[in-house]
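First comes the structure, then the notes that go with it.
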Amino acid sequence: MKKWFPSVFPALLIIIVMTGVFIFSQTTNLLLYHLGIYPLSAKGLLGILLAPFIHENANHLYSNIIPFFVLTVLLFYFYKDIAYEILGFSWIMTGVLVWFGARPAYHIGASGVVYALMAFHVLSGMVRKNPHLLSISLLIVFLYGGMIWGIFPDFIPGRAISWESHLAGLITGCILAIYYRSQGPQRPLYSWELEPDEEEDDEENPPQNNKPDNTEKEANQAEEIMIKYIYKKNNDDEEETHH
1 MKKWFPSVFP ALLIIIVMTG VFIFSQTTNL LLYHLGIYPL SAKGLLGILL APFIHENANH
61 LYSNIIPFFV LTVLLFYFYK DIAYEILGFS WIMTGVLVWF GARPAYHIGA SGVVYALMAF
121 HVLSGMVRKN PHLLSISLLI VFLYGGMIWG IFPDFIPGRA ISWESHLAGL ITGCILAIYY
181 RSQGPQRPLY SWELEPDEEE DDEENPPQNN KPDNTEKEAN QAEEIMIKYI YKKNNDDEEE
241 THH
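When the letters of the sequence shown are read in order and numbered with my numbering, they come out as residues 1 to 243.
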């Protein structure tokens, strides 16, 4: 449990703030929707930061905080080196896309961020080809795969749902998965990938023989060898010595 705590804490903290804002708005009857994103207007710029904290009702809050908690915990556990960047960009980029391209209405809720995190996890696991991350991708598809229909307005007719936020989050998550594909956990290298391929030689730089060439040295030594014959005569025998 201790190794999961650093991953749980950021997600839990944000959810506490979301829940606190909702309770405050309900107990005070204070409508906070005007703090959401209103596209192409100066008053809606603040909503890029605040909209994910604001929810219309308890069902809206509950449907967002559960997947947000799961996806954020997985993000901080498996991508701890880049988790804050991914979460921050998911939050901001989704809001910016909604501000530029959504319908002229107030857009609130954390669903856009949820879609961004979901898309990041699914695509990142596939791009990196890491077995653990790929299993997480499949798990998320199993749990939240049905959310893909939330980007099609024809499947939610007459409902006040910001499908633009869902689509913006999906686009954001895919962009982040591709951009950060070389950072964080990578595909493990197997032993056969680490061994050099002996059959492929570099034609421009052929392998050199590191064995010392003793031919010239032996030739020089041969030239230095001189054989002298010294004859010493005496009465008894003849002695021959070699140097």
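We put the beta carbon where it would ideally sit given N, CA and C, even for glycine. The structure presented is a predicted model; accordingly, all values stated were derived computationally and were not measured.
Looking at the strands, I want to know which residues DSSP matches up with His-107.
Ile-37
Alpha helix (DSSP H) containing Phe-152: first to last residue?
It is not in any alpha helix (DSSP H) - Phe-152 carries neither H nor E in the DSSP assignment.
On the CB-based measure, 16 or more other CB atoms within 10 Å of its CB, does Ser-165 come out buried or exposed?
Ser-165 is classed as buried because its beta carbon has at least 16 other beta carbons within 10 Å across all chains shown.
How far does the alpha helix (DSSP H) with Ile-48 in it reach, from first residue to last?
47 to 50
Quick one: Cα of Phe-100 to Cα of Gln-26, how far?
30 angstroms
Let me know the secondary structure DSSP gives His-55 once reduced to three states.
coil
Thinking C-alpha only, which one of Ser-41, Gly-112, Phe-24 and Val-21 is nearest Ala-168?
Taking Ala-168 as reference, the option from Ser-41, Gly-112, Phe-24 and Val-21 with the minimal CA-CA separation is Gly-112.
Would DSSP call Gln-26 helix, strand or coil?
helix
Under the three-state reduction of DSSP, which class applies to Gly-184: helix, strand or coil?
coil
Please name the residue, chosen from Leu-46, Gly-20 and Gln-183, that lies closest to Tyr-62 on a Cα-to-Cα basis.
Gly-20
Between which two residues does the alpha helix (DSSP H) carrying Gly-88 extend?
83 to 101
With DSSP as the reference, label Ile-15 as helix, strand or coil.
In the structure shown, Ile-15 adopts helical secondary structure according to DSSP, grouped into three states.
Roughly how many angstroms separate the alpha carbons of Pro-185 and Gly-145, rounded to a whole number?
Here the C-alpha atom of Pro-185 lies approximately 24 angstroms from the C-alpha atom of Gly-145.
Leu-170 and Tyr-115: beta carbons closer than 9 angstroms?
yes
If I follow the unbroken alpha helix (DSSP H) through Trp-4, where does it start and stop?
Careful: Trp-4 lies outside any alpha helix (DSSP H) and carries neither H nor E.
Exposed or buried, Phe-68, counting other C-beta atoms within 10 Å across all chains shown (16 or more means buried)?
buried
Just to check my reading of the structure: Ile-151 and Gly-36 have Cβ atoms closer than 8 angstroms, yes? What is that Cβ distance to the nearest angstrom?
19 angstroms between Cβ atoms; not a contact.
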